[in-house]
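Student:
Number of protein chains: 2
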Amino acid sequence: MVSRRPPPAAPRRRPGPRRPGRRTAPAPDTRTALFEAAALAFSEAGFDGVSVDRIARRAGVNKAMLYYHFRGKLALYRAIVREMLRDGGARIAAVADAADPPETKIRRFVEAFLALTEGRPWFPRLMLREMAEGAPHLDLETLGGFRTVLSAFSRILAEGQAAGVFRPVHPVLAYLSITGPLLLNLARERAGAAPGRAALPMLAPIPRDQVRAHLERIALCVIRT
Amino acid sequence: MVSRRPPPAAPRRRPGPRRPGRRTAPAPDTRTALFEAAALAFSEAGFDGVSVDRIARRAGVNKAMLYYHFRGKLALYRAIVREMLRDGGARIAAVADAADPPETKIRRFVEAFLALTEGRPWFPRLMLREMAEGAPHLDLETLGGFRTVLSAFSRILAEGQAAGVFRPVHPVLAYLSITGPLLLNLARERAGAAPGRAALPMLAPIPRDQVRAHLERIALCVIRT
DNA sequence: GTCTATAAATAGATAGAC
DNA sequence: GTCTATCTATTTATAGAC
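Residue numbers (this note's numbering), protein chains in the order written: chain A, 1 to 225; chain B, 226 to 450.
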């Protein structure tokens, strides 16, 4: 049910943002407006839950512009995910390649991931949703973005193991053990923010610092010798 | 985008399964067939990704029967979630109320949760998806089913804390720290099972015993003093 | 209880004027 | 680059025969 008609086989002709010296209208940032409106909308309602029309209206532009600037709904969605993974991968790589002891890097990793979820409100929702669905909207190229993140994380683990302070642990399990509780907790708090649910203690927010401390504890006790 | 028209305000008239001594046709198990077909379909494609028509066809019955036996698509979905939570809550409560030391109960909890995910293939997918979306399809009554599960888990924590073997920890964070990695790992393996992804080591399955051992380690190191 | 037929709404996508 | 208008497929849901 991802897309009603078979995907149009990708001729890939990216217009590229804002070439100087054109004859047409100013075009302030139609492409960017579409991108950000779609990112928020997808994170709130999921790929199937958002209509192309709604994205366009939210961006304040015409629906047809989505098909002009991107190749369609699915291509726009993938562009959003790729951008997220590119930025996330760069930040995690910066942590992994810094000159810190492995344990510090793990703490920095937790903080970087937390910052990522706070800087882009759509990041955790969109990512968790896509994972929960089994990533049916992503192609191999987009999935490759995950590898960048995971391999940076794995470098930290390997360094700690070489130094004898970390035990051997499956990198994927370790990664999911840190990020999973965080993503699910954010989803839980979001569920509690829905109207008529304020009275459910089960869905009440937990202070940010308490969450951060908990995640660091998980991280270190899972991978430390 | 949950349902196109406003929900019909719930007169709640459950037909009840199979009353003996009727005059109409045998009706072997139309209701059950619909229930199971829908559970699998919802877990595969999500609430919005499955059409009523598809559920009916998969169950081998007519589409109109869904509206006869349940009140509509949303009511059927909620019935499935409620059944899951009822059964899950009962199993976790059985673990919590047994005569074991707290640490054993935690291990039993992990095993019970794992068994739950293995016994009902749709359980982890459906649950993770619904959580990832912020539970937009659930009413307060259905959400109450979560409380049963969580309170049983909290009883184990409280018992261990009273005995001095567990440290004080937020029950919700502890719960998510065990179940989150498991659910996300299942989703990851499912993503890897999609056609054309067998070559991605990042999505390769991890042996069940390794996962179980990892979850137990997380559980105990998060809550133990 | 079960079915066919259809209503009423909305989806993604495109053609073509400007 | 941007727009309006529209095509076509699909959706949830119901009416009414049997």
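We put the beta carbon where it would ideally sit given N, CA and C, even for glycine.
#1: Measure the CB-CB distance between B:HIS362 and B:PHE272 and report whether it falls below 9 Å.
#2: Can you tell me whether A:GLY145 is buried or exposed? The criterion is at least 16 other CB atoms within 10 Å of its CB, across all chains shown.
#3: What are the partner residues of B:ARG449, as DSSP defines its beta bridges?
#4: Please go through the region 242-320 of chain B and give each complete alpha helix (DSSP H) segment of 4 or more residues, from N-terminal end onward.
#5: In the structure shown, what three-state DSSP assignment does A:LEU173 receive?
#6: What do you reckon, are the CB atoms on B:ALA444 and B:ALA399 nearer than 9 Å?
#7: So B:MET309 contacts chain A; which residues on that side make the cut at Cβ distance below 7 Å?
#8: For B:PRO426, does the three-state DSSP call read helix, strand or coil?
#9: DSSP three-state label for A:GLY192, please.
#10: State yes or no: is the C-beta of A:LEU183 within less than 9 Å of the C-beta of A:LEU128?
#11: Use the C-beta contact count for B:ASN410: other C-beta atoms within 10 angstroms, 16 or more gives buried, fewer gives exposed.
#12: 9 Å is my cut-off, CB to CB: does B:ARG413 come that close to chain A?
#13: Just to confirm the assignment, what range does the alpha helix (DSSP H) spanning B:GLY344 have?
#14: Enumerate in chain order the residues of its own chain whose CB-to-CB distance from B:ILE431 is below 8 Å, with the five nearest sequence positions on each side excluded.
#15: Flag this pair as touching only if the region 66-79 of chain A and the region 97-113 of chain A have three or more C-beta atom pairs under 8 Å; answer yes or no.
#16: Is any beta-carbon of chain B found at less than 9 Å from that of A:LEU40?
#17: From what residue to what residue does the alpha helix (DSSP H) around A:PRO124 run?
#18: Do we get a CB-CB distance below 9 Å when we pair A:GLU133 with the residues of chain B?
#19: For B:GLY314, I'd like the list of residues in its chain whose CB is within less than 8 Å of its CB, leaving aside the five on either flank, ordered along the chain.
#20: Classify A:PRO124: buried if its beta carbon has 16 or more other beta carbons within 10 angstroms, exposed otherwise.
Tutor: For this structure:
#1: Yes, these two residues count as a Cβ contact at 9 Å.
#2: It counts as buried.
#3: According to DSSP, which records beta bridges pairwise, B:ARG449 is partnered with B:PHE391.
#4: Listed in chain order, the complete alpha helix (DSSP H) runs (minimum 4 residues) inside the region 242-320 of chain B are 255-270, 277-284, 288-294.
#5: DSSP places A:LEU173 in the helix class (H, G or I) of the three-state scheme.
#6: A contact, by the Cβ cut-off of 9 Å.
#7: Residues of chain A passing the Cβ test: none, with the nearest at roughly 16 Å.
#8: Residue state, collapsed to three classes: helix.
#9: Assignment of A:GLY192 by DSSP, reduced to helix, strand and coil, places it in the helix class.
#10: A contact, by the Cβ cut-off of 9 Å.
#11: With 16 or more Cβ atoms within 10 Å of its Cβ, B:ASN410 is classed as buried.
#12: True, the Cβ-Cβ gap to chain A drops below 9 Å.
#13: It spans 327-344 - the alpha helix (DSSP H) in which B:GLY344 sits, taken as one unbroken run.
#14: In the same chain as B:ILE431, and ignoring 5 residues on each side of it, the C-beta atoms closer than 8 Å to its own belong to ASN410, GLU414, in chain order.
#15: Not touching, per the Cβ criterion.
#16: No, A:LEU40 does not count as interfacial toward chain B.
#17: Looking at the DSSP string, the run of the alpha helix (DSSP H) that includes A:PRO124 is 122-132.
#18: Chain B, which has a Cβ nearer than 9 Å to the Cβ of A:GLU133, makes this yes.
#19: In its chain, beyond the 5 residues on either side, GLY370, THR373, VAL374, ALA377 have a beta carbon closer than 8 Å to the beta carbon of B:GLY314.
#20: Its Cβ being crowded by 16 or more others within 10 Å, A:PRO124 is buried.
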